[in-house]
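Protein chains in written order, with numbering that gives the first Met the number 0: chain A, 0 to 366; chain B, 0 to 323.
Where is the CB? At the ideal position from N, CA and C, for every residue including glycine.
This structure is a prediction, so every number in the text was calculated from the model and none was measured.
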Amino acid sequence: MASTSAAPAAPVASPTEPILEVTGLVKHYPLTRGVVFRKQVGAVKAVDGVDFTLSRGETLGIVGESGCGKSTVAKMLVNLEKPTAGRIRYKGEDVTKLSGRALRAVRRNIQMVFQDPYTSLNPRMTVGDIIGEPYEIHPEVAPKGDRRKKVQDLLDVVGLNPEYINRYPHQFSGGQRQRIGIARGLALRPEVIVADEPVSALDVSVQAQVINLMANLQSEFDLSYIFIAHDLSIVRHISDRVAVMYLGRIVETGRDAEIYEHPTHPYTQALLSAVPVPDPEAREHRERIILSGDVPSPTNIPSGCRFRTRCWKAQDRCALEVPALAVPAEFRHTGGPAAHDSACHFAEEKQVVPPEEPREDHGNERA
Amino acid sequence: MLLEVRDLHVEFRTRDGVAKAVNGVTYGVDAGETLAVLGESGSGKSVTAQAVMGILDIPPGRITGGEILFQDRDLLTLKEDERRKIRGAEMAMIFQDALSSLNPVLTVGDQLGEMFVVHRGMSRKDARARAVELMDRVRIPAAKERVRQYPHQFSGGMRQRIMIAMAMALEPKLIIADEPTTALDVTVQAQVMELLAELQRELHMGLILITHDLGVVADVADRIAVMYAGRIVESAPVHDIYKAPAHPYTRGLLDSIPRLDQKGQELYAIKGLPPNLMHIPPGCAFHPRCPMAQDVCRTDEPPLYEVDEERGSACHFWRECLHG
């Protein structure tokens, strides 16, 4: 699809330098009281100190339950929300400090695919206008006469018939709409795509189609993905590295096998053990960690470790000291897959997902 | 059999035409048994359940054929006031979205107690006491105080517990749970499913679990009925179906689950889209998407072939499918 490509506007990063580097990212929403004299009485701490990096061509999966701040992180990455504090460096340049033309150039390179393909497409615009709209803001990517052709190419790239350019969103199914959303994300030839729950609104048989499409586009266009989802098996399938979030912070992060097979944080272990496994044989011999209670309110975060109120290992120390996200001391020298960042004072390895025996292949061929 | 649905047909008349939502569904549940009805959106799984409960919107909906036998009585021949006595007391339903299923302007105590006032003729005071008992039973902490609170004051998981309490209130013989945990987070989902399974065992109820999640099914179901385009395409004990599916649609669903040993490779995907219910393909409704389809599939609708005593598959080539 060389015809849709245009040279990226920003400087080219060296291969070792991360394309995206996030440090100390914070988003607090103030809670106010009073009409005439508004005073701040507290804050919803949606994101409360998040660090991560993303390399070129890599996929970072972010998992967590509702309210953990994963979508707020996504919005800050594409500048839909201004961070309260912290830095987002794109190829070494702090995006949070930019404005005007410089900001626009960066935003071109970081695009978003939204969760709900039913509400994220304007029902009164044709597919061609939806996918071509980014060119109105960034006319340098496609001169006016060239746009229709480019949009048709994009439709072809995401597996839709280019003749559908004049149709409206309601004429498409959910999976097709998500393809439209992806085509819009690709229009400006970005280097980073932030996908916030891109398949959770889709039917099971269609999810696999969209995941395959995203994987193919990644290798075709050398994209880097931030892939946010709550479905742990899909995240594992597509991600190189995974970060687990709880109440506004990353509690554990590492390569996918490190997180799924050697989790050391109790929250990750509980999360993995709670996922229903599509294998009735596993029912009997599977250990399940069922957490008590609900996630605390982000307006009133527990002191020390924020997971301690639901943790079966919690001790006095957990209420006093905030555990740092680092390789736990006991694994620092042993090395191996358990030696990855985990924010727990009492980190220990525990295998919760039974090692998968190769399932019988039912005969469907995989490409 | 506690409940038997036989050859049920439901259609919806709309401005654009007739949508055939349910086209000859047959299934049954015994007391103490869990039947999972698996299907994607538009497969007719919820419409069948609504017909069983008698809460189908008529019109536009219309039951055009079939029988629903509950304890050997055909519900479709009963009068509305007779059905109302069964609904709630004998069979109850748990919905996906607890927030919109609860009345926001009544306390949860009033809503739970209403069951006893209406069906058992209890006084408000006694009903309130029973409401507290129920909330204890579904393990809502501080039930005595919280009985006076409104739905918005509860978290999603707690609201779903209240829905379960409401369904259990009169100790019905059959519970239909329509995607009961889909709106919940995984850790809360596990709590709620465990609670539901435990109460079912205690009360020896029949449970119809409607879901699209193959994981949830494998965790709790005894039997599975897989639906596609308003028909049951495969019906089997849960262990058999995961080991060796006898219908290409079931096989496709199982194969599209990401697997560890397939990481980095392309996922198997069922090609195409679920059919439009106004224009269901002739012959086997799945044939345009089926990797095994032959000429006969385009013309002859497959009956539910008997695979063995406990299994059925609506595929002309179930043998080939079963043996890979």
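task = Indicate whether Cys67 of chain A and Tyr245 of chain A have their beta-carbon atoms separated by less than 8 Å.
result = On the first sequence, position 68 is the one that residue 67 of chain A refers to. On the first sequence, position 246 is the one that residue 245 of chain A refers to. Yes, the pair counts as a contact, with Cβ atoms nearer than the cut-off.
ask   = Can you tell me the Cα-Cα spacing of Thr298 of chain A and His339 of chain A, whole angstroms?
value = Along the first sequence, read from residue 1 onward, the residue named residue 298 of chain A stands at position 299. Along the first sequence, read from residue 1 onward, the residue named residue 339 of chain A stands at position 340. Distance between Thr298 of chain A and His339 of chain A, taken at the CA atoms: about 30 Å.
request  = Can you tell me which of B:Cys320, B:Gly38, B:Gly64 puts its alpha carbon nearest to the alpha carbon of Met226 of chain B?
outcome  = Start at 1 with the first residue of the second sequence, and residue 226 of chain B comes out as number 227. Residue nearest to Met226 of chain B within the set B:Cys320, B:Gly38, B:Gly64 is B:Gly38 (criterion: CA-CA distance).
task = Using only alpha-carbon positions, find the residue among A:Arg100, A:Leu120, A:Thr252, A:Thr71 that is nearest to Pro336 of chain A.
result = In the first sequence, counting from the first residue as 1, residue 336 of chain A sits at position 337. Looking at A:Arg100, A:Leu120, A:Thr252, A:Thr71, the one whose alpha-carbon comes closest to that of Pro336 of chain A is A:Thr252.
request  = Establish whether the CB of Ile289 of chain A and some CB of chain B are separated by less than 8 Å.
outcome  = Here residue 289 of chain A is taken as the residue at index 290 of the first sequence, counted from 1. Closer than 8 Å: yes.
query = What first and last residue would you give for the alpha helix (DSSP H) that runs through Gly251 of chain B?
reply = For this step, residue 251 of chain B is matched to residue 252 along the second sequence. For Gly251 of chain B, the enclosing alpha helix (DSSP H) covers residues 247-254.
task = Please compile the residues from chain A whose C-beta is within a distance smaller than 9 Å of the C-beta of His211 of chain B.
result = Position 212 of the second sequence, counting from 1, holds the residue named residue 211 of chain B. Ordered by position in chain A, the residues that pass the 9 Å Cβ test against His211 of chain B are Asp202, Val203.
query = Closest by CA to Thr249 of chain B, which one among A:Ser204, A:Ala214, A:Phe220, A:Asn121?
reply = Within the second sequence, numbered from 1, the residue matching residue 249 of chain B stands at position 250. The closest CA to that of Thr249 of chain B, considering only A:Ser204, A:Ala214, A:Phe220, A:Asn121, is found on A:Ser204.
task = Anything in chain E within Cβ reach of Ala313 of chain A, meaning under 8 Å, just list it in chain order.
result = No chain E appears in this structure, whose protein chains are A and B.
Whether Leu7 of chain B touches Thr47 of chain B by CB criterion (8 Å) = Mapped onto the second sequence, residue 7 of chain B falls at position 8. Mapped onto the second sequence, residue 47 of chain B falls at position 48. Cβ distance < 8 Å, so Leu7 of chain B and Thr47 of chain B count as in contact.
query = Mind checking if Pro265 of chain A is an interface residue toward chain B, Cβ cutoff 8 Å exclusive?
reply = By 1-based counting over the first sequence, the position of residue 265 of chain A is 266. So no, Pro265 of chain A is outside the interface.
ask   = If you follow the alpha helix (DSSP H) that Leu194 of chain B is part of, which residue opens it and which one closes it?
value = As a first step, residue 194 of chain B must be located in the second sequence, where it is residue number 195. Residues 185-202.
message = Going by C-alpha to C-alpha distance, which of B:Asn275, B:Met52, B:Glu233, B:Glu132 sits closest to Cys320 of chain B?
response = Here residue 320 of chain B corresponds to residue number 321 of the second sequence, with the count starting at 1. Answer by Cα proximity: B:Glu233.
query = How would you label Gly41 of chain A, buried or exposed, when you count the other beta carbons within 10 angstroms and need 16 or more for buried?
reply = Sequence index remark: in the first sequence, residue 41 of chain A carries index 42 (1-based). Counting Cβ neighbours within 10 Å, Gly41 of chain A comes out exposed, since fewer than 16 surround it.
task = At 4 residues or longer, and completely inside the stretch 74-129 of chain A: list those alpha helix (DSSP H) runs for me, N to C.
result = Inside the stretch 74-129 of chain A, DSSP marks whole alpha helix (DSSP H) runs of 4 or more residues at positions 99-108, from first to last along the chain.
query = When we look at the beta-carbon of Leu79 of chain A and count the other beta-carbons within 10 Å, is it buried (16 or more) or exposed?
reply = Residue mapping note: residue 79 of chain A aligns to position 80 of the first sequence, counting from 1. Burial is judged here by how many other beta carbons sit within 10 angstroms of a residue's own beta carbon; Leu79 of chain A has fewer than 16 and is exposed.
ask   = If Gly223 of chain B and Val216 of chain B are in contact, beta carbons under 8 Å, what's the gap, nearest whole angstrom?
value = Position 224 of the second sequence, counted from the start, is the residue given in the question as residue 223 of chain B. Position 217 of the second sequence, counted from the start, is the residue given in the question as residue 216 of chain B. The amino acid at residue 223 of chain B is misidentified as Gly; the sequence shows Ile. So it is a contact: roughly 6 Å between Cβ atoms.
task = Taking only beta-carbon positions, decide if Asp184 of chain B is within less than 8 Å of chain A.
result = Position 185 of the second sequence, counting from 1, holds the residue named residue 184 of chain B. The Cβ of Asp184 of chain B sits closer than 8 Å to at least one Cβ of chain A.
query = Quick one: which chain B residues come within Cβ less than 8 Å of Asp278 of chain A?
reply = Translated into positions along the first sequence, residue 278 of chain A becomes position 279. Chain B residues near Asp278 of chain A: Ala217, Tyr241.
ask   = Is the Cβ-Cβ distance between Gln159 of chain B and Val131 of chain B less than 8 Å?
value = Indexing the second sequence from 1 puts residue 159 of chain B at position 160. Indexing the second sequence from 1 puts residue 131 of chain B at position 132. No, the Cβ-Cβ distance between Gln159 of chain B and Val131 of chain B is not below 8 Å.
query = Does the beta-carbon of Asp255 of chain A have 16 or more other beta-carbons within 10 angstroms, so that it is buried, or is it exposed?
reply = On the first sequence, position 256 is the one that residue 255 of chain A refers to. By the 10 Å Cβ count, Asp255 of chain A comes out buried.
Those residues which DSSP pairs with Phe51 of chain A across a bridge = Along the first sequence, read from residue 1 onward, the residue named residue 51 of chain A stands at position 52. Answer is A:Val21, bridged to Phe51 of chain A.
request  = Taking the CB atoms as reference points, tell me whether Ile231 of chain B and Lys19 of chain B lie closer together than 8 Å.
outcome  = Here residue 231 of chain B refers to the residue found at position 232 when the second sequence is read from its first residue. Here residue 19 of chain B refers to the residue found at position 20 when the second sequence is read from its first residue. Not closer than 8 Å, so no.
task = Ignore the nearest five residues each way along the sequence and tell me which others in Ile87 of chain A's own chain have a CB closer than 6 Å to its CB.
result = Translated into the one-based positions of the first sequence, residue 87 of chain A becomes position 88. Annotation for Ile87 of chain A: Val21, Val94, Thr95 place their beta carbon closer than 6 Å to its own, counting only its chain and skipping 5 residues before and after.
request  = Take Phe345 of chain A and list the residues in its own chain whose beta-carbon comes closer than 6 Å to its own, dropping the five residues that flank it on each side.
outcome  = Counted from its first residue, the first sequence places residue 345 of chain A at position 346. For Phe345 of chain A, where only same-chain residues beyond five positions count, the Cβ hits under 6 Å are Lys312.
message = According to DSSP, simplified to helix, strand and coil, what is Ala168 of chain B?
response = On the second sequence, position 169 is the one that residue 168 of chain B refers to. It is coil, neither helix nor strand.
key: Contacting positions in the stretch 181-213 of chain A - beta carbon closer than 8 Å to chain B   = Contacts with chain B (Cβ-Cβ distance below 8 Å) from the stretch 181-213 of chain A involve Asp202, Val203, Ser204, Val205, Gln206, Ala207, Gln208, Ile210, Asn211, listed in chain order.
request  = Can you say whether Ser122 of chain B is buried or exposed, counting buried as having 16 or more other CB atoms within 10 angstroms of its CB?
outcome  = In the second sequence, counting from the first residue as 1, residue 122 of chain B sits at position 123. With fewer than 16 other Cβ atoms within 10 Å, it is exposed.
query = Roughly how many angstroms separate the alpha carbons of Arg258 of chain B and Ser238 of chain A, rounded to a whole number?
reply = In the second sequence, counting from the first residue as 1, residue 258 of chain B sits at position 259. In the first sequence, counting from the first residue as 1, residue 238 of chain A sits at position 239. Those two C-alpha atoms are separated by around 13 Å.
inquiry  = Against chain B, does Asp293 of chain A count as a neighbour if the rule is that its beta carbon must be under 8 Å from one of theirs?
reply    = The residue you call residue 293 of chain A lines up with position 294 of the first sequence. Contact with chain B is found for Asp293 of chain A, since one of that chain's Cβ atoms lies less than 8 Å from the residue's Cβ.
task = Consider the Cβ of Gly158 of chain A: report whether some Cβ of chain B lies at a distance smaller than 8 Å.
result = Against the first sequence, residue 158 of chain A aligns to sequence position 159. Answer no: the Cβ-Cβ gap between Gly158 of chain A and chain B never drops below 8 Å.
task = Anything in the stretch 145-159 of chain B with a Cβ closer than 7 Å to a Cβ of chain A? List those residues in chain order, please.
result = Those residues of the stretch 145-159 of chain B placed with their C-beta closer than 7 Å to a C-beta in chain A are Ser154, Gly156, ordered along the chain.
query = Leaving out five residues before and five after Arg129 of chain B in sequence, what residues of the same chain have Cβ atoms less than 6 Å from its Cβ?
reply = Along the second sequence, one-based indexing puts residue 129 of chain B at 130. Taking C-beta separations shorter than 6 Å and ignoring five residues to either side along the sequence, the partners of Arg129 of chain B in its chain run Phe115, following chain order.
query = Which residue or residues does DSSP assign as beta-bridge partners of Leu173 of chain B?
reply = For the purposes of this step, residue 173 of chain B is taken as the residue at position 174 of the second sequence. Looking at the DSSP assignment, Leu173 of chain B forms a beta bridge with B:Met90, B:Gly205.
query = Taking the alpha-carbon positions, what's the Met0 of chain A to Leu153 of chain A distance?
reply = Position 1 of the first sequence, counting from 1, holds the residue named residue 0 of chain A. Position 154 of the first sequence, counting from 1, holds the residue named residue 153 of chain A. Note that Met0 of chain A scores 40 on pLDDT, short of 50, meaning its location in the model is unreliable; the coordinates nonetheless yield the value given after this. Those two C-alpha atoms are separated by around 9 Å.
request  = Residues of the stretch 94-113 of chain B with a CB closer than 9 Å to any CB of chain A: list them in chain order, please.
outcome  = Here the close residues number zero.
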